[in-house]
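Engineer: Everything in the sequence shown is counted per full-length UniProt numbering, starting at 1 for the first residue and increasing by one. Beta carbons: idealized from backbone N, C-alpha and C, even for Gly.
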Amino acid sequence: MSGLSLGVPRSRRAAAPGSDGVAGSSSAPSSSTFASDQAVRATDSDALLSRLSAMRAGYLPSESFSAHFVPMGTPQPLPRRPPIINIGTALRCRRLDECVERFLSEGEGKKQIVSLGAGSDARFWRIQAEEKLDVRLARYVELDFPQLTRAKIERIARSEPLRKRVGGTGPQGMRVEQNGSALHTSRLHILPCDLRQIATAPPSSLDEGSASHISESLLSVLDASLPTLLLAECVLAYLPSASSQALLQWFAQRFGKLEVLAYDMCIGGDAGATAAGTAPSRFGQVMLSNLGARGLDLPGARGLTTPEAYAGLFERTLSACAEGDSTQSEAQSLKHVWSALPAEERVRLSRLEGLDEVEELEMLLSHYCVSWAKRSGTPAAQEALEERAAE
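1) Does the stretch 327 to 342 come close enough to the stretch 295 to 311 to have 3 or more Cβ pairs within less than 8 Å?
2) Could you check if P71 is buried or exposed, using at least 16 other CB atoms within 10 Å of its CB as the buried criterion?
3) Would you check if the stretch 107 to 121 and the stretch 132 to 143 touch, i.e. whether three or more CB-CB distances between them fall below 8 Å?
4) Among the residues of its own chain, which have a CB less than 8 Å from the CB of K335, if the five just before and after it don't count?
5) Along the chain, where does the alpha helix (DSSP H) that runs through residue 432 open and close?
6) Do the stretch 78 to 95 and the stretch 180 to 194 make contact, defined as three or more Cβ pairs closer than 8 Å?
7) Here's a check: name, in chain order, each residue in its chain whose Cβ is nearer than 8 Å to the Cβ of S376, leaving out the five neighbours to either side.
8) Would the beta-carbon of L229 fall within 8 Å of that of K111?
9) State the start and end residues of the unbroken alpha helix (DSSP H) segment that holds S319.
10) Since I believe L261 is in contact with W372 (beta carbons under 8 Å), could you give me their beta-carbon distance rounded to a whole number of angstroms?
11) Starting from M174, trace the alpha helix (DSSP H) in both directions and tell me its first and last residue.
12) Please give the ranges of any alpha helix (DSSP H) in the stretch 222 to 290, keeping only runs that are unbroken, at least 4 residues long and fully inside the region.
13) State the DSSP-derived secondary structure class of P203, mapped to helix, strand or coil.
14) Please classify T149 as buried or exposed, where buried requires at least 16 neighbouring CB atoms within 10 angstroms.
15) Per DSSP, what kind of secondary structure is V370 in: helix, strand or coil?
16) Comparing alpha-carbon positions, which option in M55, R51, I84 and G73 lies nearest D356?
17) Given a threshold of 16 other Cβ atoms within 10 Å of its Cβ, counted over all protein chains shown, does R254 qualify as buried or as exposed?
18) Which residues in the same chain have their Cβ closer than 6 Å to the Cβ of P227, if we skip the five residues on either side of it in sequence?
19) Using DSSP bridges, identify the partner residues of P192.
20) Drop a sphere of 10 angstroms on the beta-carbon of D121, count the other beta-carbons inside from all chains shown, and report buried for 16 or more, exposed for fewer.
21) Is the separation between the beta-carbon of A252 and that of L318 shorter than 8 Å?
22) From the DSSP output, in three-state form, read off E330 for me.
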């Protein structure tokens with residue numbers, strides 16, 4: 001039980017200030033920060049391999065795109081995850097897919113998605129494969145470590161099925177910049193950046209790769225008038241609380257019709273406590289210890305310990321940045337998602353590999369959550385945001 005984790009990020013924080021020519025700080029990163037960032041980067045393939053394991057075992061519908069992002073040299077056959085990890089991965093993927101599909105399908109007109117720490121995620125290609133979703137997507141923007149965006153772009157360039165989906169078969173279909181770490185197409189944009197610095201860089205820092213340059217790049221590829229989904233899978237738990245707040249505020253101050261969708265660990269569990277400062281459960285303490293042994297720090301998880309704490313952060317931030325606009329929020333642990341499944345589906349999933357650790361499964365699922373918030377983005381509120389941004 002103590003070695004299990006559903007919350008290791010694909011690549012949840014961006015590069016340390018000044019590393020790899022990205023994140024405009026002239027000061028060198030501390031050795032502890034650099035080591036922590038390296039540890040996060042090293043986990044990039046964990047979520048991808050977990051998804052592929054769940055697909056092979058029948059927990060998730062099969063799709064062909066994710067396999068193209070498996071790093072070269074990965075031992076074959078690909079690792080097989082334990083049943084409780086496969087079930088947890090399936091619940092995570094299903095719930096997030098449902099929320100993204102709802103966002104794209106509701107109402108009328110085009111939408112845009114910003115994926116923080118996208119890593120090896122193939123969501124853009126999965127959306128394109130479903131016509132009813134594809135027609136609603138105006139643009140999709142991914143932000144991540146430059147080392148990981150570069151690797152992803154290289155895999156896209158090598159894979160004809162991936163290139164075709166981004167319009168990269170013609171000479172003008174795919175533009176690669178910043179030493180191979182940035183990609184631009186008509187709808188997909190992959191940008192290298194430091195999530196911790198997007199909202200805090202000095203305005204004068206406009207060198208390519210600096211945080212201010214990333215902010216300008218983001219604004220140049222996004223449309224502030226469109227409904228926008230900010231997607232964060234295992235991001236906030238790995239960011240300092242001040243960085244998470246500033247990052248959310250940066251988007252909330254610029255995009256009126258904004259939704260935030262996040263998946264993270266909640267080390268206090270889902271036993272009904274609502275306070276952000278709820279102490280970690282015994283299981284949560286074990287999670288912190290195990291991830292700490294891998295060099296992974298979790299400053300955000302220590303402050304946002306319950307599902308309600310995440311939802312509360314989103315609602316406060318979205319409400320504060322657009323006074324008078326209505327905001328909704330919700331949070332569910334994966335245990336709740338599991339319990340809400342039809343009984344026959346729980347039986348099917350349990351029988352795929354002969355699950356016999358139900359108590360352990362539910363304990364694990366109670367320490368991960370999907371949280372969501374939505375701001376209506378009235379015309380008056382959007383106009384106020386635009387006026388403030390122009391000041």
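Structural biologist: In terms of the structure at hand:
1) yes
2) Here the question's residue 71 lines up with position 71 in the sequence shown. Classification of P71: exposed, given that the 10 Å Cβ count is below 16.
3) Yes: at least three Cβ pairs fall under 8 Å.
4) For this step, residue 335 is matched to residue 335 along the sequence shown. Excluding residues within five positions, the ones whose Cβ falls inside 8 Å are D270, E362, L365 and S366.
5) This structure cannot speak to residue 432, because the chain is shown only from 1 to 391.
6) As far as the Cβ criterion goes, the stretch 78 to 95 does not touch the stretch 180 to 194, which means the pair count is below three.
7) For the purposes of this step, residue 376 is identified with residue 376 of the sequence shown, where counting begins at 1. So the list reads K257, D325, S326 and T327, once near-sequence residues are dropped.
8) Within the sequence shown, residue 229 is the residue found at index 229, counting from 1. Within the sequence shown, residue 111 is the residue found at index 111, counting from 1. Yes, the pair counts as a contact, with Cβ atoms nearer than the cut-off.
9) Sequence index remark: in the sequence shown, residue 319 carries index 319 (1-based). Unbroken alpha helix (DSSP H) run through S319: P307 to A320.
10) As a position in the sequence shown, residue 372 is number 372, starting the count at 1. As a position in the sequence shown, residue 261 is number 261, starting the count at 1. Contact flag correct, Cβ pair sits at about 5 Å.
11) Here residue 174 refers to the residue found at position 174 of the sequence shown. Looking at the DSSP string, M174 is not in any alpha helix (DSSP H), and its letter there is neither H nor E.
12) Listed in chain order, they are 241 to 252.
13) Here residue 203 refers to the residue found at position 203 when the sequence shown is read from its first residue. Confidence is the limiting factor: at P203 the pLDDT is only 48, short of 50, which leaves the residue's position unreliable, though a coordinate-based value still follows. Three-state DSSP puts P203 in coil, outside helix and strand.
14) For the purposes of this step, residue 149 is taken as the residue at position 149 of the sequence shown. By the 10 Å Cβ count, T149 comes out buried.
15) Here residue 370 refers to the residue found at position 370 when the sequence shown is read from its first residue. Residue state, collapsed to three classes: strand.
16) Within the sequence shown, numbered from 1, the residue matching residue 356 stands at position 356. Comparing Cα positions, the closest option is I84.
17) On the sequence shown, residue 254 is found 254 positions in, with the first residue counted as 1. Result: buried.
18) Locating residue 227 in the sequence shown gives position 227, counting from the first residue. Closer than 6 Å at Cβ, skipping near neighbours: K111 and K257.
19) As a working mapping, residue 192 is identified with position 192 in the sequence shown. P192 pairs with D144.
20) Residue 121 sits at position 121 when you count from the first residue of the sequence shown. By the 10 Å Cβ count, D121 comes out buried.
21) For the purposes of this step, residue 252 is taken as the residue at position 252 of the sequence shown. For the purposes of this step, residue 318 is taken as the residue at position 318 of the sequence shown. Taking 8 Å as the Cβ cut-off, A252 and L318 qualify as a contacting pair.
22) Working through the sequence shown from its first residue, we reach residue 330 at position 330. Correct three-state label for E330: strand.
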